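*Asks:* Here the sequence shown is numbered in the working numbering, starting from 2 and rising by one per residue.
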Amino acid sequence: MAEDFYNLLGVARNASEAEIKAAFRKLAMKYHPDRNPGNKEAEDKFRKMNSAYEALSDPKKRQIYDQYGEAGLSGAGSFPGGFPGGEAFAGGGVDMNEVFGGVFEQLFGGERGGRGGPRRGADLKYEIDVSLEDAFKGMKFPLHFDRVEACTVCRGTGAKDGSSLKRCSTCRGLGRVQFSQGFFSMTQTCPDCGGEGQRVDNPCRECRGSGRARKHAELTVKIPPGIYDGATLRIPREGEAGGRGVPPGDLYVLVRLKPDLRFEREEDDLKVHADLDIAQAALGATLSVPTLDGEPAQIRVPAGTQHGATLRLSEKGMPKLHGRGRGDLLVQIRITVPQGLDARQKGLLEEFARSLHGDQAQGGKDDGGIFKKIFGD
Numbered sequence: 002m003a004e005d006f007y008n009l010l011g012v013a014r015n016a017s018e019a020e021i022k023a024a025f026r027k028l029a030m031k032y033h034p035d036r037n038p039g040n041k042e043a044e045d046k047f048r049k050m051n052s053a054y055e056a057l058s059d060p061k062k063r064q065i066y067d068q069y070g071e072a073g074l075s076g077a078g079s080f081p082g083g084f085p086g087g088e089a090f091a092g093g094g095v096d097m098n099e100v101f102g103g104v105f106e107q108l109f110g111g112e113r114g115g116r117g118g119p120r121r122g123a124d125l126k127y128e129i130d131v132s133l134e135d136a137f138k139g140m141k142f143p144l145h146f147d148r149v150e151a152c153t154v155c156r157g158t159g160a161k162d163g164s165s166l167k168r169c170s171t172c173r174g175l176g177r178v179q180f181s182q183g184f185f186s187m188t189q190t191c192p193d194c195g196g197e198g199q200r201v202d203n204p205c206r207e208c209r210g211s212g213r214a215r216k217h218a219e220l221t222v223k224i225p226p227g228i229y230d231g232a233t234l235r236i237p238r239e240g241e242a243g244g245r246g247v248p249p250g251d252l253y254v255l256v257r258l259k260p261d262l263r264f265e266r267e268e269d270d271l272k273v274h275a276d277l278d279i280a281q282a283a284l285g286a287t288l289s290v291p292t293l294d295g296e297p298a299q300i301r302v303p304a305g306t307q308h309g310a311t312l313r314l315s316e317k318g319m320p321k322l323h324g325r326g327r328g329d330l331l332v333q334i335r336i337t338v339p340q341g342l343d344a345r346q347k348g349l350l351e352e353f354a355r356s357l358h359g360d361q362a363q364g365g366k367d368d369g370g371i372f373k374k375i376f377g378d
């Protein structure tokens, strides 16, 4: 008894065309003969589900099958039956390139191009170094590089002046050729015209018929304000030239920010360190801190501020790349311990220590008490 086509593909009888195609693709990847060499069971399974897919993927054949079963298809003379060989299947079977979008060409050694023609030109990628100031303001970066461009002599045709291109006789201008492999047919880029569908009989002397030549290019890349380290800018159609009649690739510019001695960047915020002595930290102070605006900013440090405290100046950080406004400037406090005190300074600190600690700071003028422990002799 013949197996039910729907059961072979594992789909419901009311499955959509997309569901049938997805089910067949999944099973074909599993049971493909090239993935199961010498496995007769897998080969037979692949043969049967090919039959099922060819019938169910065609609306007319599916309607006949739903009404009369496999016998109805055989009677109509439209069903290929047992796939007698690769050539027979190539004439009327399932085009695997149509189902898989060229994935078999990648799996089994082919090179995928665009359907019916060559793929676009190659993409290029370059890395540039930008200072934090330039990232803050934005800039125009001059980029110098080499790339393949359309030949200026033949204007990219590859043909000598006065001659013309001719249709490729191998692929008949389609850019792709079909061949049989096992139980199914596949297509690949035409080996004679490289997928372009046209051939050059009288090649251009400058580019030797390729239509392309390597040249030096100069381009100005716009760096937007707020750009961050590792960002990649895409510049369409500024990569290498493709074949005749196809667009060039794209240019990708990877931005790297140079280290800055004053600031650390945390997303859109900037961090700067500010040093205070113990008197400023205890009594409070007003500090001047650097900014990327060109002018220093004033910030008030509250009395009693501790080491490591962070104060914030709003809207003094980096511009937001994809939005309005700016980040903040974070001021991290570092309290420094004075060194090389003279006698008067030591005396003042000893008096201060006694006022805080009483008897713990006793020892006379030759004993600095707790400050000896902190500052040394």
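Ideal placement from N, C-alpha and C gives every residue a C-beta, glycine not left out.
Values in this document were obtained by computation on a predicted structure and should not be read as measured data.
1) Pick out whichever of E128, V131, S58, P249 has its Cα sitting closest to the Cα of E386.
2) Which same chain residues, not among the five before or five after P409, have their C-beta less than 7 Å away from its C-beta?
3) Do you know how far the Cα of Y127 is from the Cα of T311?
4) Tell me whether F264 sits in a helix, a strand or coil according to DSSP, three-state version.
5) Buried or exposed for F180, going by 16 or more other Cβ atoms inside 10 Å?
6) Quick check on this structure: which residue in I65, I236, L284, V131 has the alpha carbon closest to the alpha carbon of L228?
7) By alpha-carbon positions, which one of E150, K27, H274, L288 ends up nearest to D261?
8) Pick out whichever of F47, R26, L255, K27 has its Cα sitting closest to the Cα of P34.
9) Short of 8 Å in beta carbon distance, which residues of its chain neighbour Y66, apart from the five on each side in sequence? Order them along the chain.
10) Please report the straight-line C-alpha distance between G69 and A24, rounded to a whole angstrom.
11) Which residues in the same chain have their Cβ closer than 7 Å to the Cβ of C191, if we skip the five residues on either side of it in sequence?
12) Among residues of its own chain, excluding the 5 on either side of L314, which ones have a beta-carbon nearer than 7 Å to its beta-carbon?
13) When burial is assigned at 16 or more other CB atoms within 10 Å of the CB, is L166 buried or exposed?
14) On the criterion of 16 or more Cβ atoms from any shown chain inside 10 Å, does M319 qualify as buried, or is it exposed?
15) Would you mind reading off the limits of the alpha helix (DSSP H) that contains R345?
16) Between the region 194-212 and the region 229-247, can you find at least three pairs of beta-carbon atoms closer than 8 Å?
17) When DSSP labels each residue in this structure, what does M187 get in the three-state scheme?
18) Determine the contact status of V254 and V302, defining contact as a CB-CB distance below 9 Å.
19) Within this structure, are the beta carbons of I334 and T292 separated by less than 9 Å?
20) Please confirm whether any heavy atom of the ligand ADP lies closer than 8 Å to the CB of G122.
21) Under 8 Å Cβ to Cβ from G231, same chain only, skipping five residues before and after it: list those, please.
22) Is it buried or exposed for A354, if we count other Cβ within 10 angstroms and need 16 for buried?
23) To the nearest angstrom, how far is it from the Cα of L234 to the Cα of E316?
24) Pop quiz: L252 and L133 are said to be a contact at Cβ under 8 Å. What is the actual Cβ separation, rounded to whole angstroms?
25) Whole angstroms are fine: how far does the CA of E267 sit from the CA of F142?
26) D162 to N37, Cα distance in whole Å?
27) What is the DSSP secondary structure of Q307, reduced to helix, strand or coil?
28) Consult DSSP for M30 and reduce its assignment to one of helix, strand or coil.
29) Leaving out five residues before and five after D122 in sequence, what residues of the same chain have Cβ atoms less than 6 Å from its Cβ?
30) To which residues of the same chain is H145 closer than 6 Å at the C-beta, ignoring the five residues directly before and after it?
31) Do C194 and C155 have their CB atoms nearer than 9 Å?
32) Measure the alpha-carbon distance for K259 versus P237 and round it to whole angstroms.
33) Can you give the Cα-Cα distance for N203 and G157, rounded to whole angstroms?
34) Provide the residue span of the alpha helix (DSSP H) that contains L9, from first to last.
35) Can you grab the Cα-Cα spacing for the pair G377 / G324, in whole Å?
36) Would G159 be called buried (16 or more neighbouring beta carbons within 10 Å of its own) or exposed?
*Replies:* Walking through what the data contain:
1) No answer is possible for residue 386: the residues shown for the chain start at 2 and end at 378.
2) One cannot answer for residue 409 here, as it falls past the ends of the chain, which runs 2 to 378.
3) Per the coordinates, the alpha-carbon of T311 lies some 38 Å from the alpha-carbon of Y127.
4) F264: coil per DSSP, three-state reduction.
5) exposed
6) For the sequence presented, residue 228 should be read as Ile rather than Leu. The shortest Cα separation from I228 among I65, I236, L284, V131 belongs to V131.
7) H274
8) F47
9) F6, A56, L57, G73, L74
10) A small fix is needed here, since residue 69 is Tyr in this sequence, not Gly. Each residue's Cα considered, the two are about 23 Å apart.
11) C169, T171, C172, G176, R177, V178
12) A298, I300, D329, L330, V332
13) buried
14) buried
15) Here the alpha helix (DSSP H) through R345 covers 344-358.
16) yes
17) strand
18) no
19) no
20) You won't find the ligand ADP in this model; it holds no ligand whatsoever.
21) L255, V256, R257
22) By the beta-carbon neighbour count (other beta carbons within 10 angstroms, threshold 16), A354 is buried.
23) 26 Å
24) That pair is no contact at about 24 Å.
25) 24 Å
26) 53 Å
27) coil
28) helix
29) Note on residue identity: the sequence assigns Gly, not Asp, to residue 122. If we look at G122 and ignore the five residues flanking it on each side, its Cβ neighbours are G240, E241, A242, G243, P249, G250.
30) E219
31) no
32) 26 Å
33) 14 Å
34) 6-10
35) Unreliable placement is indicated for G377, whose pLDDT of 44 sits below 50; no coordinate value is reported for it.
36) buried
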